[in-house]
Amino acid sequence: MAAAAASTGNGSPPVGLLVLMVLALAAGWFANAVRPPPPTPCGAPGGPPVTAPRARMRDGRFLAYAESGVGQDGARFKVVYSHGFSGSRMDSPRASQALLEELGVYMVAFDRAGYGESDPDPRRSLESAAQDIQDLADALDLGDKFHLICSSLGCHAGWASVKYIPHRLAGVAMMAPVINYRWSGLPRGLARQLYRRQPLGDQWSLRVAYYAPWLLHWWMSQTWLPTSTVVSGSGSFPNALDEKNRLMALSTGMFQKVRRPFPQLPHCQSRTTLMQRSCALLCAEGTGGHAAGGAGVLLPRHG
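Each residue of the sequence shown is one higher than the one before, starting from 0 at the first, in numbering that gives the first Met the number 0.
Shown next as structure tokens:
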């Protein structure tokens, strides 16, 4: 009787064993799916070549950068630029060379950790983002104080710099900054209202980033559930005029012309891996989104 119960009667494995095998295979597939691929740093064996100047950080990593404007010796303003989610060191504010010379501006933009030709930072945090900016400024001899301009998701480095290195900042400008809907200083009703105005995929992605960061790589890679419109490229602007201009740029090819130089840059990580690393700040700070309005300016209290 026991032998009969342990088999199906035709020599096939017991049903319980088959179930365990299926569960083990599913668990193995899921563990592999949620694990991001290892990075391939520029200059490493099998990785893209290094073509940009790079500065060494205190932990041994390298950040790639691009300079514009006047030389440091004749500069009235020394500016560091932190790019957004889909940007790079080539994505600094597009001021003409004539204007930069007239104002006496030296500007350096850099690939944030894991972007472009900069090494990834497996221990990335808000504090490390500020430290990278300080290390870059020191490596380039920008002096005791410098200005910082940040855009979109790159503004997490601005928030962090105000907190961790305020003594190094002559001023900070944030353009369309990413904010944290969980900040205690925001009215809860207003924060909840703005959060729910986002597309469903963005809401879910930010919840995953906050509650289950270990699942984020798989979530950003899958296509059968709503996910981030930033990654999928399906987002729209709540402002009607901005959305009209976006659609015009797409239909006329203007967007492709502007973006064409950037895919030619050697990228050290995949798009989804970059999104996971970018969302690390959301896991650290909470759920975030773009602030209403164009730009904010912060002046440090110290110094």
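Note that the Cβ used here is the ideal one computed from N, Cα and C, for glycine as well. Remember, predicted model here, so these are calculated numbers, not experimental data.
query: Name the two residues that bound the continuous beta strand (DSSP E) containing His146.; result: Phe145 to Ser150
query: How about Leu199 and Pro225: are their beta carbons less than 9 Å apart?; result: yes
query: In angstroms with no decimal places, state the Cα-to-Cα distance between Arg306 and Arg191.; result: As displayed, the chain neither begins before 0 nor continues past 302, which places residue 306 out of reach and without an answer.
query: Glu116: buried (16+ other C-beta within 10 angstroms of its C-beta) or exposed?; result: buried
query: Work out the CA separation of Gly184 and Glu101 for me, nearest whole Å.; result: 40 Å
query: Would you kindly work out how many angstroms separate the C-alpha atoms of His341 and Leu141, rounded to a whole number?; result: Residue 341 is absent from the model: the chain starts at 0 and stops at 302.
query: Within 10 angstroms of the Cβ of Arg259, are there 16 or more other Cβ atoms? Answer buried if so, exposed if not.; result: Residue confidence is low: Arg259 scores 41 on pLDDT, short of 50, so the model does not pin down where it sits. Its coordinate-derived value is still stated next. Exposed: under 16 other Cβ atoms inside 10 Å.
query: Here's the rule I'm using: 16 or more other beta-carbon atoms within 10 Å means buried, otherwise exposed. How should Gly153 be labelled?; result: buried
query: Could you give the C-beta distance for Tyr80 and Ser91, rounded to a whole number, given that I count them as a contact under 8 Å?; result: 4 Å
query: In this structure, how does DSSP classify Asn238 when only helix, strand and coil are distinguished?; result: coil
query: Looking at the C-beta of Ser150, does it have a partner C-beta in chain C at a distance below 9 Å?; result: The displayed structure is made up of one protein chain only, and chain C is not part of it.
query: Take Pro36 as the anchor and find which of Leu22, Ser220, Ala74 and Ser204 has the nearest alpha-carbon.; result: Ser220
query: Would Ser95 be called buried (16 or more neighbouring beta carbons within 10 Å of its own) or exposed?; result: exposed
query: Should Ala112 and Asp134 be called a contact, given that it needs their Cβ atoms to be closer than 9 Å?; result: no
query: I believe Leu139 touches Ala54 by the beta-carbon criterion, under 8 Å. Please report the beta-carbon distance rounded to the nearest angstrom.; result: 7 Å
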